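Reviewing the structure listed below.
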Amino acid sequence: MNFPIKVSLPIASIVAIFILYVFYDIHSQLETNIKQSANKKILRETNKIYKEIDYEINSLKMNLSLMSMFNNDIINDNKTKSNKISFFLKSIPFAKEIVLIPYNNPDNYTIISKESTYTDKNNINSIMLKKDDIINKGMLVTGFYYNKNNELMIDMYANVRDVNTNKSLATIILRSSLKRLQDQLSSKLLEFDAISILDLNNNNFIYKSTKAKKININNFLKSHDNIFETKEKTNPFIISSVDYKKDNLNIRVSLITAKHRHYKELNQILQENIFKLILIVIILTIVLYLIVKRILNPLRVLTVELKEKSYKLDHNIVKKENSSMDEVQLLDHYFNIFIQLIENKNKQLRDFNSTLQKKIYEEVKKNNEKQKYLMHQSRLAQMGEMLSMIAHQWRQPLAAISSTTNSLLLKSM
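Going by my numbering, the first residue of the sequence shown is number 730, and it counts up by one from there.
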């Protein structure tokens, strides 16, 4: 009898394949969720930079709006003007310089600085060329740049109006350091491979920093809003970008990270899941094999009994079993043989019954004939006995006559 492995292993394999399919489906969904989570994380970090820029600009705009209302007398009084500007400069943490340029006398501009910041005449003239634009918009952000200390700076222009007449009096310029933003960008390099802030108006980098030599920073020029994947040779990277379009600023904040780092958690889960999957399949196969083996034991017993009974019924009809047969096929083989033997025996029994009925009929017929013959003999015997009795009855008077005759004869003699 074959060891019960030909059925148990296929069943275990089918169940294992089903488990693999279910696991793969769950794994794919998990992979998608983790990728979405990783993408949300990098977008969240990009949005933090976006919000920091927005917070810095809105904070400076709010402070600048407080400085944009002057009295005409103060504009003409240099000492009072300087004191007021100095007060505002001290109240703004990262402000480096405030410049006030009167429209009626541009040469009489005032510069109050926390550091020795130089503003040349040409710069003043270029600002005066923007006078109408500043008056119309009320406030103007000119963009980002670096000072001589390599600090990221931003200039904001505002139109100064008379508090009484609302007449445009001057342009006030707030030059502020974005050190907090710069520090935040530097700290992001601990987590990401590169960071950039791109001016979309002229495709110039306001800020760019990378810690990986293999990253081409020009990939940021090709990036677009949201997340996309790029490659440097054979190294895949993920770029997350958010566009900032306010006032006259049109910039793009981008973070770049290696794909294997971006999906680090996913790779760990994939490795853990593969190990778990292999372990589950091995354990499941062994368990199913043992279960099926236990289930097949009664089949083995039944097969042996059928084989033995088949041999007892007829040694000639039992066919030699095939070594390639599994437990179920062997059971089917001997079951068919046993059924065939039973059918043969039933046929023999039917034939025997048919012959027996004929013999019984003939014997009954013979018996009836014998009974008739015996009845005839009995009647003859009875007739013979009756005749014998009649003869006896006839012989008695004859004997008496003969005796009397003999007696008379003797007496006569």
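Cβ coordinates follow ideal geometry from the N, Cα and C atoms, glycine included.
Computed from a predicted structure; not experimentally measured.
In DSSP terms, what residue i is bridged to
{"i": "Leu-903", "result": "Ile-827 and Met-885"}
{"i": "Thr-939", "result": "Ala-923"}
{"i": "Lys-1145", "result": "In the structure as shown, the chain begins at 730 and stops at 1142. Residue 1145 is therefore absent and cannot be evaluated."}
{"i": "Leu-869", "result": "Tyr-886"}
{"i": "Tyr-874", "result": "Met-882"}
{"i": "Phe-957", "result": "Ile-968"}
{"i": "Thr-1032", "result": "Answer is none; Thr-1032 lacks a bridge partner."}
{"i": "Ile-985", "result": "Ala-923 and Ile-968"}
{"i": "Phe-1081", "result": "Phe-1081 pairs with nothing; no bridge assigned."}
{"i": "Phe-934", "result": "Leu-927"}
{"i": "Asp-891", "result": "Phe-799"}
{"i": "Ser-897", "result": "Arg-890"}
Span separating the alpha-carbon of residue i from that of residue j
{"i": "Asn-776", "j": "Thr-1014", "result": "49 Å"}
{"i": "Asn-964", "j": "Lys-937", "result": "20 Å"}
{"i": "Ile-924", "j": "Tyr-1018", "result": "56 Å"}
{"i": "Arg-773", "j": "Ser-766", "result": "10 Å"}
{"i": "Ile-935", "j": "Asn-893", "result": "40 Å"}
{"i": "Val-888", "j": "Asp-861", "result": "First, the amino acid is wrong: residue 888 is Asn here, not Val. For Asn-888 and Asp-861, the distance between alpha carbons rounds to 10 Å."}
{"i": "Phe-873", "j": "Glu-920", "result": "24 Å"}
{"i": "Ala-1110", "j": "Gln-1122", "result": "18 Å"}
{"i": "Lys-896", "j": "Ser-794", "result": "15 Å"}
{"i": "Ile-1011", "j": "Val-1030", "result": "29 Å"}
{"i": "Leu-918", "j": "Thr-986", "result": "10 Å"}
{"i": "Met-730", "j": "Val-1033", "result": "Confidence is the limiting factor: at Met-730 the pLDDT is only 41, short of 50, which leaves the residue's position unreliable and the question unanswerable from this model."}
{"i": "Lys-769", "j": "Ile-841", "result": "44 Å"}
{"i": "Tyr-1090", "j": "Lys-1099", "result": "14 Å"}
{"i": "Ile-827", "j": "Asn-876", "result": "15 Å"}
{"i": "Val-971", "j": "Leu-914", "result": "15 Å"}
{"i": "Ile-1130", "j": "Leu-1138", "result": "12 Å"}
{"i": "Thr-1084", "j": "Lys-1074", "result": "15 Å"}
{"i": "Phe-1067", "j": "Tyr-1040", "result": "9 Å"}
{"i": "Gln-1077", "j": "Val-1093", "result": "24 Å"}
{"i": "Asn-1026", "j": "Lys-1005", "result": "31 Å"}
{"i": "Asn-762", "j": "Lys-940", "result": "29 Å"}
{"i": "Tyr-973", "j": "Phe-752", "result": "42 Å"}
{"i": "Ile-1145", "j": "Ile-755", "result": "Shown here, the chain extends from 730 to 1142; a query on residue 1145 therefore has no answer."}
{"i": "Phe-966", "j": "Asp-922", "result": "9 Å"}
{"i": "Lys-1101", "j": "Arg-1079", "result": "33 Å"}
{"i": "Met-796", "j": "Ile-821", "result": "11 Å"}
{"i": "Lys-808", "j": "Ser-815", "result": "10 Å"}
{"i": "Tyr-750", "j": "Asp-1061", "result": "33 Å"}
{"i": "Gln-1125", "j": "Asn-1097", "result": "41 Å"}
{"i": "Asn-834", "j": "Asn-933", "result": "35 Å"}
{"i": "Lys-1095", "j": "Lys-1088", "result": "10 Å"}
{"i": "Gln-1086", "j": "Met-1104", "result": "26 Å"}
{"i": "Lys-1022", "j": "Ile-746", "result": "19 Å"}
{"i": "Lys-975", "j": "Gln-758", "result": "38 Å"}
Expected contact under 8 Å - CB spacing of residue i and residue j to nearest Å
{"i": "Asp-891", "j": "Asn-800", "result": "7 Å"}
{"i": "Ser-969", "j": "Ile-956", "result": "5 Å"}
{"i": "Val-1016", "j": "Ile-926", "result": "Contact doesn't hold; Cβ gap of about 59 Å is too wide."}
{"i": "Leu-929", "j": "Ile-771", "result": "About 20 Å separates the two Cβ atoms, so there is no contact after all."}
{"i": "Glu-760", "j": "Leu-910", "result": "Not quite, the Cβ-Cβ distance comes to about 35 Å (not below 8 Å), so this is no contact."}
{"i": "Lys-843", "j": "Leu-818", "result": "6 Å"}
{"i": "Ser-905", "j": "Lys-825", "result": "6 Å"}
Spatial neighbours of residue i in its chain, beta-carbon cut-off 7 Å, leaving aside the 5 residues before and after
{"i": "Lys-810", "result": "Ile-803, Ile-804, Leu-829 and Thr-839"}
{"i": "Phe-1064", "result": "Leu-1035"}
{"i": "Ile-1009", "result": "Ile-748"}
{"i": "Leu-898", "result": "Phe-799, Asn-801, Ile-804, Pro-831, Tyr-832, Val-889, Arg-890 and Asp-891"}
{"i": "Asn-837", "result": "Pro-831"}
First and last residue of the uninterrupted beta strand (DSSP E) at residue i
{"i": "Ser-797", "result": "It is not in any beta strand (DSSP E) - Ser-797 carries neither H nor E in the DSSP assignment."}
{"i": "Thr-839", "result": "839-842"}
Own chain residues within Cβ distance below 6 Å of residue i, not counting five before or after
{"i": "Leu-978", "result": "Val-870"}
{"i": "Met-885", "result": "Leu-789, Leu-793, Val-870 and Leu-903"}
{"i": "Ile-863", "result": "Leu-869, Tyr-886, Asn-888 and Thr-900"}
{"i": "Asp-783", "result": "none"}
{"i": "Ile-743", "result": "none"}
Neighbourhood of residue i by C-beta, 8 Å cutoff - its chain only, sequence neighbours within 5 removed
{"i": "Arg-1108", "result": "none"}
{"i": "Ser-1141", "result": "none"}
{"i": "Phe-732", "result": "Interpretation of Phe-732 is limited by its pLDDT of 45, a score under 50 that renders its predicted location unreliable; the figure taken from the coordinates is listed afterwards. Answer for Phe-732: no residue qualifies."}
{"i": "Lys-689", "result": "Because residue 689 is not part of the residues shown, which for the chain are 730 to 1142, the question remains open."}
{"i": "Tyr-779", "result": "Val-971, Tyr-973 and Val-982"}
Residue i, enclosing alpha helix (DSSP H) - first and last residue
{"i": "Thr-809", "result": "807-820"}
{"i": "Leu-918", "result": "From DSSP, Leu-918 is part of no alpha helix (DSSP H); its letter is neither H nor E."}
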